[in-house]
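Notes for the one structure printed next.
Number of protein chains: 2
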Amino acid sequence: MGMDERKFRILQAIIDDYILTAVPVGSRTISKKYDMGLSSATIRNEMSDLEELGYLDQPHVSAGRIPSAKAYRLYVDQLLQLGTIRSDSEEAVRAFFGGRVRQMEEVIDRAAQVLSSLTHYTAVVLSPSGPKLHIRNIQLVSTSPETALVVIVTDGGVVRDSVVRVPAGIDPDTLYDISRSLTEAVAGCTLEEACERMPILIARMGENAAVLQSVNSLMGEARDAGPQSHVSVGGASNMLAYPEYSDTEKARNFLSLLETRDRLASIVAQQGEMAFTVRIGPETGVPEMSECSIVTATYSTRTGRQGTIGVIGPTRMQYSRVLSILGTMGEQLSEIFGSGGSPTERK
Amino acid sequence: MGMDERKFRILQAIIDDYILTAVPVGSRTISKKYDMGLSSATIRNEMSDLEELGYLDQPHVSAGRIPSAKAYRLYVDQLLQLGTIRSDSEEAVRAFFGGRVRQMEEVIDRAAQVLSSLTHYTAVVLSPSGPKLHIRNIQLVSTSPETALVVIVTDGGVVRDSVVRVPAGIDPDTLYDISRSLTEAVAGCTLEEACERMPILIARMGENAAVLQSVNSLMGEARDAGPQSHVSVGGASNMLAYPEYSDTEKARNFLSLLETRDRLASIVAQQGEMAFTVRIGPETGVPEMSECSIVTATYSTRTGRQGTIGVIGPTRMQYSRVLSILGTMGEQLSEIFGSGGSPTERK
DNA sequence: GTTAGCACTCTCGGTCGTTGAGTGCTAACC
DNA sequence: GGTTAGCACTCAACGACCGAGAGTGCTAAC
């Protein structure tokens with residue numbers, strides 16, 4: 215017993231219907247709503263076969279069938295292969311980004327909002343992270359008589375800015391001089407290398423060593439923090455609208471997972487080179503998400519760093535719609551971050 | 215029929231019990247669990263009076279009573295008057311802030327997390343906002359051959375940093391010179407005044423006018439953005455644990471309110487001079503929150519700007535606990551932001 | 001003023017048919 | 001041999017019903 219053309223068409227119809235209604239679908243429904251020119255009895259036989267093949271599950275004897283994870287997998291593989299992702303949502307995405315936005319974090323937050331409101335699922339956007347960063351510039355900016363702002367610029371944008379104490383009443387020009395020699399000393403280094411060199415510089419500096427000391431500890435933090443990425447979530451409440459989450463306990467677990475950003479980031483972060491990733495149910499590897507699917511795409515910045523955008527929804531997600539929207543959103547973000555001198559990348 | 219001492223004690227007992235159990239409390243429960251030396255019948259009579267006075271509600275005839283908003287109001291007024299807020303949570307709060315944190319937003323996010331996990335309710339933290347900002351320093355930092363980072367420092371900290379295009383290959387020292395003359399020209403001004411002066415400066419500048427133009431539009435944005443505060447929410451999922459929100463529809467409305475940050479901020483933002491604000495049920499003025507209470511406190515920064523921290527929970531909230539925790543958290547934040555040269559304020 | 005007693009009310013949780021959707025199987029049909 | 005009509009069977013969902021229990025209000029006695 216193989217998987218012939220007809221079985222596939224029936225399976226497709228079942229998935230489509232279930233995605234729409236979230237109700238187990240019976241043989242009569244298929245034969246009536248989707249005119250296949252077959253009676254319910256025939257469909258029934260085929261469905262029985264499909265169940266045996268592992269594509270359908272049956273909640274109980276006298277309910278209809280629901281698609282299994284395996285079925286969804288087949289479905290999206292088909293979708294991805296065909297490359298049939300129409301970008302009918304392009305304009306909607308564009309419209310949302312209407313106003314110029316500047317700050318990296320604003321863009322990320324916005325993207326999460328847009329994604330969730332277009333898909334009606336929960337969206338997660340990760341800020342770009344990438345290979346080791348090389349220092350390009352270090353600058354001290356006076357903020358008050360006793361404090362200064364340290365800005366470390368790398369080829370990935372601004373990595374770290376923070377306030378440090380400086381000797382009271384220090385001259386802004388002196389700060390600039392320190393910045394210059396500092397920049398000369400460590401430009402082109404990675405953060406690691408720079409941290410190693412700092413002790414030598416500090417020793418050589420003399421009177422303003424204290425300032426460098428502060429800068430040093432800051433660089434240490436930046437190095438240890440690693441690819442410390444910003445995570446933005448949108449439309450968490452959307453999930454509650456689906457019957458899958460009418461059980462409060464489940465909803466709670468899901469939401470609290472969304473709140474532990476570190477864990478969430480590591481779950482969503484997409485590995486590999488593919489344009490899209492689809493993980494269905496158990497494939498997510500997260501117990502709390504065994505009834506969810508995660509679809510992700512990537513975008514990239516002009517400096518070659520990569521970010522991830524993702525949508526989390528019930529396994530009966532509207533995959534083709536979501537893939538399409540993620541596609542345009544990815545392009546859009548790449549465009550925004552790619553164009554010469556726009557948003558600040560930070561952290 | 216007045217509100218005598220005994221009635222008050224009984225009301226207190228009812229409130230305490232209901233806060234704990236969320237179940238309508240009956241006369242027998244009170245006479246047994248809280249030994250008042252009175253029989254259930256007497257309690258019953260008093261309860262009947264309390265209901266007439268508007269302090270108790272009755273879901274239906276043969277259920278116990280639940281406290282009304284008016285009762286909670288009396289209760290917390292008592293609490294606030296007595297000033298009996300013990301800071302037994304001080305150490306817990308301190309412990310959570312163990313590691314030094316630097317960035318303003320990190321502190322805010324952290325505070326929201328800590329608040330929610332200590333109270334088991336939902337926490338909202340608003341970044342400080344305050345009176346008009348005066349410019350202290352403007353600096354251009356080279357980030358790539360064609361781009362530079364603009365940092366505008368005000369007496370409230372760093373307000374705005376963003377990347378602008380600059381003529382290709384411009385010398386870092388030239389950038390510094392521009393920064394210097396710019397700073398000289400507008401230091402001490404408010405953002406509004408600075409925006410007005412810019413056209414003159416641009417005209418005078420000559421060859422690098424384009425750079426100033428970019429800075430100008432950036433200042434315009436900063437001015438228009440206003441007190442654009444950062445809002446951080448923690449423990450949104452906590453609310454789902456309470457029977458009040460076992461209805462998914464309610465939970466959804468609540469969560470989606472939390473997601474519209476602008477609206478949320480305007481709801482939570484505390485007006486007035488008081489140390490604490492407690493709004494109970496309908497007092498919140500938000501339909502979605504007619505079954506919630508909002509408790510807020512303030513903290514302040516060294517520059518005199520004020521931020522708000524708040525906890526949102528069911529009306530049967532553990533007010534005294536929450537007030538205590540909010541109190542210590544407020545002090546703690548004031549300390550962190552007050553101490554000389556710590557976290558960057560931004561936005 | 002307090003308390004015991006009692007009738008009354010109303011929710012909650014369980015049981016029990018009934019209903020209807022859906023299946024699987026068999027036998028007839030093309 | 002595949003397709004279809006028919007039929008018996010299963011089982012969740014729904015509503016009605018009922019008893020238990022919690023709680024009240026009222027009255028009368030202390």
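Here the protein sequences line up with chains A and B, keeping their order.
So that you can map any letter, position 220 of the first sequence is 434 in the numbering used here, and since no number is skipped, the others follow by simple counting.
So that you can map any letter, position 300 of the second sequence is 514 in the numbering used here, and since no number is skipped, the others follow by simple counting.
C-beta: ideal position from N, C-alpha, C; glycine also.
Given the structure is predicted, the values throughout are model-derived calculations rather than measurements.
Is residue i close to chain B? Criterion is C-beta to C-beta, closer than 8 Å.
{"i": "A:ARG437", "result": "no"}
{"i": "A:SER341", "result": "no"}
{"i": "A:SER451", "result": "yes"}
{"i": "A:GLU473", "result": "yes"}
With a threshold of 8 Å between beta carbons, is residue i in contact with chain A?
{"i": "B:TYR390", "result": "yes"}
{"i": "B:THR462", "result": "yes"}
List, in order along the chain, the chain A residues whose C-beta lies closer than 8 Å to that of residue i?
{"i": "B:SER356", "result": "ARG350, ASN351, VAL367"}
{"i": "B:ARG279", "result": "Going along chain A, no residue has its Cβ under 8 Å from B:ARG279, so there is no contact; the nearest lies around 26 Å."}
{"i": "B:LEU469", "result": "ALA450, SER451, LEU454, LEU469"}
Give me the chain B residues within the contact set of residue i, using Cβ-Cβ distance strictly less than 9 Å, ordered along the chain.
{"i": "A:SER514", "result": "Within chain B, no residue comes near A:SER514; the closest Cβ sits about 17 Å away, beyond 9 Å."}
Taking only the alpha-carbon atoms, compute the straight-line gap between residue i and residue j and give it to the nearest angstrom.
{"i": "B:ASP387", "j": "B:LEU537", "result": "53 Å"}
{"i": "B:ILE416", "j": "A:TYR390", "result": "24 Å"}
{"i": "B:ILE550", "j": "B:GLY541", "result": "14 Å"}
{"i": "B:LYS246", "j": "B:HIS274", "result": "22 Å"}
{"i": "B:HIS348", "j": "B:GLN427", "result": "20 Å"}
{"i": "A:ALA479", "j": "A:THR256", "result": "47 Å"}
{"i": "A:ILE228", "j": "A:ARG466", "result": "30 Å"}
{"i": "B:ILE523", "j": "B:GLN272", "result": "34 Å"}
{"i": "A:ALA399", "j": "A:CYS409", "result": "11 Å"}
{"i": "B:PHE468", "j": "A:VAL525", "result": "22 Å"}
{"i": "B:ALA382", "j": "B:ALA423", "result": "14 Å"}
{"i": "B:SER587", "j": "B:THR491", "result": "Residue numbering for chain B in the displayed model covers 215 to 561; residue 587 of chain B lies beyond these limits and cannot be assessed."}
{"i": "A:ARG314", "j": "A:VAL321", "result": "In this predicted model, A:ARG314 has a pLDDT of only 44, less than 50, meaning its place in the structure is not dependable; the value taken from the coordinates is given anyway. For A:ARG314 and A:VAL321, the distance between alpha carbons rounds to 9 Å."}
{"i": "B:LEU267", "j": "B:ASP218", "result": "12 Å"}
{"i": "A:LEU270", "j": "A:PRO457", "result": "20 Å"}
{"i": "B:LEU264", "j": "B:HIS444", "result": "44 Å"}
{"i": "A:MET531", "j": "B:THR336", "result": "29 Å"}
{"i": "A:GLY612", "j": "A:GLN295", "result": "With chain A covering 215 to 561 only, the question about residue 612 of chain A has no answer from this structure."}
{"i": "B:GLY402", "j": "B:SER330", "result": "40 Å"}
{"i": "B:VAL380", "j": "B:ARG519", "result": "34 Å"}
{"i": "A:THR512", "j": "A:GLY527", "result": "18 Å"}
{"i": "A:SER446", "j": "A:GLY544", "result": "15 Å"}
{"i": "A:GLU505", "j": "B:GLU505", "result": "31 Å"}
{"i": "B:GLY448", "j": "A:GLU463", "result": "18 Å"}
{"i": "A:VAL604", "j": "B:THR333", "result": "In this structure chain A extends from 215 to 561, so residue 604 of chain A is not present and cannot be described."}
{"i": "A:VAL338", "j": "A:GLU487", "result": "19 Å"}
At a CB-CB cut-off below 7 Å, which residues of chain B make contact with residue i?
{"i": "A:ARG466", "result": "SER451, LEU454, ALA455"}
At a CB-CB cut-off below 7 Å, which residues of chain A make contact with residue i?
{"i": "B:LEU288", "result": "Result: empty, since nearest Cβ-Cβ is about 32 Å, beyond 7 Å."}
I want to check one thing, is the minimum distance from the CB of residue i to the heavy atoms of the ligand COA below 7 Å?
{"i": "A:ARG535", "result": "No copy of the ligand COA appears in this structure; indeed no ligand is present at all."}
* To do: May I have a chain-ordered list of the beta strand (DSSP E) segments no shorter than 3 residues that lie completely inside the stretch 483-550 of chain A?
  => 490-494, 506-514, 520-528
* Continuous beta strand (DSSP E) assignments of at least 3 residues falling wholly in the stretch 352-413 of chain A -> 361-368, 371-379
* To do: Tell me the start and end of each unbroken alpha helix (DSSP H) in the stretch 219-261 of chain B that is at least 4 residues and wholly inside, in chain order.
  => 219-235, 241-247
* **Ordered list of beta strand (DSSP E) runs contained in the stretch 444-481 of chain B, each at least 3 residues** => 445-448
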